[in-house]
Amino acid sequence: MNGGWDAWTPTAAFYDTRDSLSFLFAILGLNPFFLLVFLSGLASAAHFRQQTPAIILLLGLSYNTLLNVFLKRFFRSPRPLHPAKGSFDFGVPSAHGMPSDHAQFMFFFVTWLMRRAALTGVPMSLGMRAFLIFSALAVSYGRVYNSHHYPSQVVVGALIGVANAYLCTTPIGEAVLRQVAVAVTPMRDFFTEWVRFVV
-12 MNGGWDAWTP
-2 TAAFYDTRDS
8 LSFLFAILGL
18 NPFFLLVFLS
28 GLASAAHFRQ
38 QTPAIILLLG
48 LSYNTLLNVF
58 LKRFFRSPRP
68 LHPAKGSFDF
78 GVPSAHGMPS
88 DHAQFMFFFV
98 TWLMRRAALT
108 GVPMSLGMRA
118 FLIFSALAVS
128 YGRVYNSHHY
138 PSQVVVGALI
148 GVANAYLCTT
158 PIGEAVLRQV
168 AVAVTPMRDF
178 FTEWVRFVV
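Everything in the sequence shown is counted per the working numbering, starting at -12 for the first residue and increasing by one.
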């Protein structure tokens, strides 16, 4: 774009119109955004008993994303040359692809859920585990399939996501996130006060 303008494009879903699998992977690539919207709703829902855990998970995902931004700037690993480059203003959130944010996000989310279920004794069916793992793998594979990342960038993102989720579900990690959750609760309450007028 011209001048000092730029586009915020984290939800850009590029796909090959001749390939239905490419379209499916583009839609699956939006999963992190759908999850964030849903989690934000849970974290701000009045009288929802899992409100604090939802805030803690959001904070963990925020930490995970900030680490991803730092690592992309540190590694400065280029993305693959995308087939759509030059066809239109190809906006991507970052020119750097290492590590894959989508893989890191999805594997953090899945690992966090499984760890919390195990630590709290909440039963998680084999079918749910398979669904969660399949979702993370599908989103990650789609990033390679649609030429957004090299396989190594996706693998590194997945490993970092798993490691971060383990870190955030240790007693120390949870204690830190819980303290931050307590600190941001007044801000959350202020920004969601309008909800009580929806009658």
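No residue lacks a Cβ here, since even glycine has one placed at the ideal position from N, Cα and C.
Values in this document were obtained by computation on a predicted structure and should not be read as measured data.
Exercise for review: Identify every run of the alpha helix (DSSP H) within the segment 138 to 176, keeping only runs that are complete inside it and at least 4 residues long; order them along the chain.
Suggested key: 138 to 155
Check your understanding: Contact between the segment 51 to 61 and the segment 130 to 137: three or more CB pairs below 8 Å?
Key -> no
Exercise for review: Starting from the C-beta of Phe14, find all residues in its chain whose C-beta is less than 7 Å away, skip the five residues before and the five after it, and write them out in chain order.
Suggested key: Residue numbering aside, residue 14 sits at position 27 when the sequence shown is read from its first letter. The amino acid at residue 14 is misidentified as Phe; the sequence shows Ile. Excluding residues within five positions, the ones whose Cβ falls inside 7 Å are Ala0.
Review point. Thinking C-alpha only, which one of Tyr50, Ser9, Asn18 is nearest Ala168?
Key: For the purposes of this step, residue 168 is taken as residue 181 along the sequence shown, with counting starting at 1. Just measuring C-alpha positions, the residue of Tyr50, Ser9, Asn18 sitting nearest Ala168 is Tyr50.
Review point. In chain order, what residues of the same chain have a beta carbon less than 6 Å from the beta carbon of Asp3, not counting five sequence neighbours either side?
Key: In the sequence shown, the residue the question calls residue 3 occupies position 16. Ser9, listed in sequence order.
Point to revise | Residues sharing a beta bridge with Pro260, DSSP | key: Since the displayed the chain opens at -12 and closes at 186, residue 260 lies outside it and no answer follows.
Check your understanding: Just checking, does the segment 93 to 103 make contact with the segment 149 to 161 on the three C-beta pairs under 8 Å criterion?
Key -> yes
Review point. Of the residues Val126, Thr107, Gly148, which one's Cα is nearest the Cα of Pro158?
Key: Mapped onto the sequence shown, residue 158 falls at position 171. Nearest option by C-alpha distance: Thr107.
Practice item. Using the Cα positions of Arg5 and Val126, report the straight-line distance between them to the nearest angstrom. Key: As a working mapping, residue 5 is identified with position 18 in the sequence shown. As a working mapping, residue 126 is identified with position 139 in the sequence shown. For Arg5 and Val126, the distance between alpha carbons rounds to 20 Å.
**Study point:** Nearest-angstrom beta carbon gap, Ala90 and Ala145 [assumed within contact, 8 Å]
**Key:** What you label residue 145 is simply residue 158 of the sequence shown in a count that begins at 1. What you label residue 90 is simply residue 103 of the sequence shown in a count that begins at 1. Their Cβ separation, rounded to whole angstroms, is 5 Å, which keeps Ala145 and Ala90 in contact under 8 Å.
Check your understanding: Do you know offhand how far Met174's Cα is from Gln140's?
Key -> Here residue 174 refers to the residue found at position 187 when the sequence shown is read from its first residue. Here residue 140 refers to the residue found at position 153 when the sequence shown is read from its first residue. Met174 and Gln140: Cα-Cα distance of roughly 36 Å.
**Study point:** Residue interval of the alpha helix (DSSP H) (run including Leu15)
**Key:** For the purposes of this step, residue 15 is taken as the residue at position 28 of the sequence shown. It spans 7 to 15 - the alpha helix (DSSP H) in which Leu15 sits, taken as one unbroken run.
**Study point:** Residues near Arg66 in its chain [Cβ-Cβ closer than 6 Å; skip 5 each side]
**Key:** Position 79 of the sequence shown holds residue 66. Cβ neighbours of Arg66 beyond the five flanking positions: Gly84.
Point to revise | Per-residue DSSP class, three states only, for Ala30 | key: Here residue 30 is taken as the residue at index 43 of the sequence shown, counted from 1. Of the three classes helix, strand and coil, the one that applies to Ala30 here is helix, per DSSP.
Point to revise | Per-residue DSSP class, three states only, for Met93 | key: Counting from 1 along the sequence shown, the entry for residue 93 is found at position 106. The answer is helix: DSSP assigns Met93 an H, G or I state.
Exercise for review: Take Leu44 as the anchor and find which of Leu26, Gly16, Val182 has the nearest alpha-carbon.
Suggested key: Here the question's residue 44 lines up with position 57 in the sequence shown. Leu26 is the residue among Leu26, Gly16, Val182 whose C-alpha sits nearest the C-alpha of Leu44.
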